[in-house]
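J.: Top to bottom, those sequences are chains A and B. Residue numbers for the first sequence follow the working numbering, beginning at 358 and rising by one. Residue numbers for the second sequence follow the working numbering, beginning at 632 and rising by one. Note that beta-carbon positions come from the ideal geometry of N, C-alpha and C, so glycine has one too. Next up is a structure, given as structure tokens.
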Amino acid sequence: KNQVEQSPQSLIILEGKNCTLQCNYTVSPFSNLRWYKQDTGRGPVSLTIMTFSENTKSNGRYTATLDADTKQSSLHITASQLSDSASYICVVTNDYKLSFGAGTTVTVRA
Amino acid sequence: EAEVAQSPRYKITEKSQAVAFWCDPISGHATLYWYRQILGQGPELLVQFQDESVVDDSQLPKDRFSAERLKGVDSTLKIQPAELGDSAMYLCASSLGPSGYSRELFFGEGSRLTVL
Chain A
358 KNQVEQSPQS
368 LIILEGKNCT
378 LQCNYTVSPF
388 SNLRWYKQDT
398 GRGPVSLTIM
408 TFSENTKSNG
418 RYTATLDADT
428 KQSSLHITAS
438 QLSDSASYIC
448 VVTNDYKLSF
458 GAGTTVTVRA
Chain B
632 EAEVAQSPRY
642 KITEKSQAVA
652 FWCDPISGHA
662 TLYWYRQILG
672 QGPELLVQFQ
682 DESVVDDSQL
692 PKDRFSAERL
702 KGVDSTLKIQ
712 PAELGDSAMY
722 LCASSLGPSG
732 YSRELFFGEG
742 SRLTVL
């Protein structure tokens, strides 16, 4: 049973536009949540990490939010660039296990 | 910047053949992971090492897959015999430790396996 659900599965946006990716989880207990960016054919790279007490964290044009009560996180991409085209994976950790979402594939078009 | 090294980047093999992947984690990282990622899906853990010991291999198909990390540094993942369904990206990752903030995973570039 997948305890991390991401939506949408994929999306296409025009360069310069914003988009928001969603991550819902049922992992318990909760330790932290990370968003990774995975370029096609490459390994994932960490974007942000959030713990229970953090609501928002930014990394350049990427802003992650966390609502630990509803067990939801979002990743907002501002002013998208062609290099943002990638898969974005949500990973939720308890002390013993990492649970991966299936990822959202973002395509940015000129 | 330190990186996780993996080789080969690409491997094409025929079914029933043996294949091996190698991973060298970031220096000082005690925890090493092998993941399998099928296109369009998230990574699936195959095996996790803490130093040279296996701490989780519950999802490793042990009839054909094996993994070792003899000196607690680099690691090898082997498949014998390979099957068509093994075609995937094999990702190696390492972390300082097994929990909390120390568990940030640093991934290698992956090894893309195609079984014909």
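On the CB-based measure, 16 or more other CB atoms within 10 Å of its CB, does F737/B come out buried or exposed?
T.: Buried is the call here.
J.: Please list, in chain order, all residues of the same chain as S385/A whose beta carbon is under 8 Å from its beta carbon, the five residues on each side excluded.
T.: N451
J.: Could you check whether the Cβ of I370/A sits closer than 8 Å to any Cβ belonging to chain B?
T.: no
J.: Nearest to R691/B by alpha carbon, out of K646/B, W665/B and C723/B?
T.: It should be pointed out that residue 691/B corresponds to Leu in this sequence rather than to Arg. Taking only the C-alpha atoms, the option nearest L691/B is W665/B.
J.: Between S388/A, P365/A and Q366/A, which lies nearest to V449/A when the distance is taken from Cα to Cα?
T.: S388/A
J.: Report whether the distance from the Cβ of E683/B to the nearest heavy atom of the ligand ATP is below 7 Å.
T.: As far as ligands go, the structure on display features none, and thus does not contain the ligand ATP.
J.: How about F458/A: is its C-beta nearer than 8 Å to some C-beta of chain B?
T.: Contrary to the premise, residue 458/A reads as Gly rather than Phe in this sequence. With 8 Å as the cut-off, G458/A counts as an interface residue toward chain B.
J.: Quick check on S442/A - is its C-beta less than 8 Å from some C-beta in chain B?
T.: no
J.: Assign S647/B to one of three DSSP states: helix, strand, or coil.
T.: coil
J.: Let me know if I446/A comes out buried or exposed under the rule of 16 or more other beta-carbons within 10 Å of its beta-carbon.
T.: buried
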